[in-house]
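Residues 1 to 367, numbered by the UniProt record's numbering, are exactly what the sequence shown covers, in order.
In this text, a Cβ means the ideal position worked out from N, Cα and C, and glycines have one as well.
One structure below.
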Amino acid sequence: MDEEQIKEAIINSSLPEEYYTYTFHDGASILHYAALYNNLNLIQKLVGIGFNLDSKGGKYQSTPLFYALYNSNYRVMKYLIINGADINYVNTSGYSLLHTCISYYDTLGFILLMANNVNINIKDHKKRSVAEYAGLKKRKEIIIALNRFYKKNEKYFPQKSTKYLILFFIVYSIFFKENIFFLFIVSILIKNVVYKTDIMFFINLFYTILFSSQLLERNRWFVVLLIPFIYLKYLLLFTKPKYLMKNDINKCKEIISNILETTELTKKIFCYTCWIKKDKGIKHCSVCNICIVYHDHHCPCLNRCIQNQSDKLFEMYLLVCLILLYFLYSHEIFNDYNFEIRFIIIFIFGILSLRITKMVCNRFTNK
Numbered sequence: 001m002d003e004e005q006i007k008e009a010i011i012n013s014s015l016p017e018e019y020y021t022y023t024f025h026d027g028a029s030i031l032h033y034a035a036l037y038n039n040l041n042l043i044q045k046l047v048g049i050g051f052n053l054d055s056k057g058g059k060y061q062s063t064p065l066f067y068a069l070y071n072s073n074y075r076v077m078k079y080l081i082i083n084g085a086d087i088n089y090v091n092t093s094g095y096s097l098l099h100t101c102i103s104y105y106d107t108l109g110f111i112l113l114m115a116n117n118v119n120i121n122i123k124d125h126k127k128r129s130v131a132e133y134a135g136l137k138k139r140k141e142i143i144i145a146l147n148r149f150y151k152k153n154e155k156y157f158p159q160k161s162t163k164y165l166i167l168f169f170i171v172y173s174i175f176f177k178e179n180i181f182f183l184f185i186v187s188i189l190i191k192n193v194v195y196k197t198d199i200m201f202f203i204n205l206f207y208t209i210l211f212s213s214q215l216l217e218r219n220r221w222f223v224v225l226l227i228p229f230i231y232l233k234y235l236l237l238f239t240k241p242k243y244l245m246k247n248d249i250n251k252c253k254e255i256i257s258n259i260l261e262t263t264e265l266t267k268k269i270f271c272y273t274c275w276i277k278k279d280k281g282i283k284h285c286s287v288c289n290i291c292i293v294y295h296d297h298h299c300p301c302l303n304r305c306i307q308n309q310s311d312k313l314f315e316m317y318l319l320v321c322l323i324l325l326y327f328l329y330s331h332e333i334f335n336d337y338n339f340e341i342r343f344i345i346i347f348i349f350g351i352l353s354l355r356i357t358k359m360v361c362n363r364f365t366n367k
């Protein structure tokens, strides 16, 4: 058998025992390629007959653990680590396993190594730390994982620094209230403004106070519409969504180990930010920076996550908003704000239509 046939036999789990001691032209052993091709059964046999888990081979004199990492074979990585493979080895390219994860942008492999007590302060051949190299390569997910590692007790919703935004909004509202709708348009067009700040929430609050106060001045019977509107808004604003606590690195190791016992480790079932297993209905909210149970979507106008259980409440809120706005527009109560009212009616009607479509199809919005 030539080398290509041997590799094919490793992939197909049909390699004869007489080839177990074969060495490839680059110095790699059968164990290296068994790790590369995710053949855990063959690896277990080789370990059982005394193969060296830290044997060097390949262009950069890498260990089998590197070969497993190249193809993100996490079950093989876990097995090799448990059986004593060196996780702090630096190959002749000058990279450690952590630096290799950064180079390949393998976030889950990075977390797996951290969970198994890798030296997080290890440096590459250019004396670059793991954090420095991740920043250089702009690996956002890995930087998030590093931040989680160093902030072991971070468990709750992050506090946004919005004091300057609030100050800006107050000043703008006082002097340019006729053009406050401009902020709403800008917020919709620029995604980062919507999700990274609270500006949509403040715009929503501004119009709520403006319309509510002036409505009551003109006709007290408008309270019939305002009471359900304010009540539903109150429920949505002050009902905290159910979320899962973030885990520390020790719990993370246990969770990863349990996942790998039954299936492959993927981002679909493991949150690289919260370090939890994502069961059905659990989704990570990048705005709240936490995993929400039965998550449907994050509403920037309320600055709250909407869960599956609060679907009906949210849809009732949209319907009441639509009725209230249509009533304002049809009676020409606020002629100075007719354009804004028309736009918001179309905006809310579009959202409500999507919600009704979702309800008919019985599917989550994020699906």
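CB-CB length for residue i against residue j, believed under 8 Å
i      : j      : result
LEU53  : LEU80  : 6 Å
ILE102 : PHE149 : ILE102 to PHE149, Cβ: 14 Å. No contact.
LEU235 : LEU313 : 6 Å
HIS298 : CYS291 : The Cβ separation is near 13 Å, so there is no contact.
ILE351 : LEU318 : 6 Å
LEU265 : TYR74  : 4 Å
ASP106 : SER72  : 6 Å
LYS240 : LEU108 : With a Cβ gap of about 30 Å, LYS240 and LEU108 do not count as contacting.
Coarse secondary structure for residue i, derived from DSSP in three states
i           : result
GLN307      : strand
SER103      : helix
CYS285      : strand
TYR70       : helix
PHE238      : helix
THR23       : strand
SER14       : coil
SER96       : coil
ILE122      : coil
VAL252      : Checking the displayed sequence, the identity of residue 252 turns out to be Cys instead of Val. If DSSP states are grouped into helix, strand and coil, CYS252 belongs with the helices.
PHE211      : helix
PHE201      : helix
TYR37       : coil
CYS274      : coil
GLY135      : helix
residue 374 : The structure shown does not extend to residue 374, since the chain is modelled only from 1 through 367, so no value can be given for it.
SER353      : helix
TYR79       : helix
TYR89       : coil
GLY58       : coil
CYS361      : helix
CYS321      : helix
Spatial distance of residue i from residue j (CA atoms)
i      : j      : result
GLU4   : ILE10  : 10 Å
ILE203 : SER212 : 14 Å
LYS59  : ASN250 : 35 Å
CYS321 : LYS277 : 37 Å
ILE344 : GLU141 : 36 Å
PHE339 : GLU315 : 24 Å
LEU46  : SER29  : 11 Å
LYS56  : ASN88  : 14 Å
ILE341 : CYS252 : 49 Å
ASP2   : ASN12  : 15 Å
LYS7   : VAL293 : 45 Å
SER310 : ILE43  : 50 Å
LEU210 : ALA115 : 53 Å
TYR19  : GLY84  : 24 Å
THR208 : ASN219 : 16 Å
GLU17  : HIS25  : 19 Å
THR23  : CYS274 : 42 Å
ILE144 : LEU136 : 14 Å
ILE256 : HIS125 : 30 Å
ILE348 : TYR326 : 11 Å
TYR95  : ILE82  : 22 Å
ASN308 : TYR243 : 13 Å
Per-residue burial, residue i [other beta carbons within 10 Å of its own, 16 or more giving buried]
i      : result
ILE111 : buried
CYS305 : buried
SER62  : buried
LEU146 : buried
LYS246 : buried
ASP86  : exposed
LEU354 : exposed
PHE238 : exposed
ASN41  : exposed
PHE201 : buried
ASN303 : buried
heavy atom of the ligand MN below 6 Å from residue i C-beta
i      : result
ILE341 : Inclusion of the ligand MN in the displayed structure is not the case, the ligand content being empty and no account of it being possible.
Min CB distance residue i to chain C below 7 Å
i      : result
ILE345 : You won't find chain C in this structure, because it holds only one protein chain.
Q. With a cut-off of 8 Å, do at least 3 Cβ pairs link the stretch 35–42 to the stretch 60–67?
A. yes
Q. Does the stretch 218–233 touch the stretch 275–290, meaning 3 or more C-beta pairs lie closer than 8 Å?
A. no
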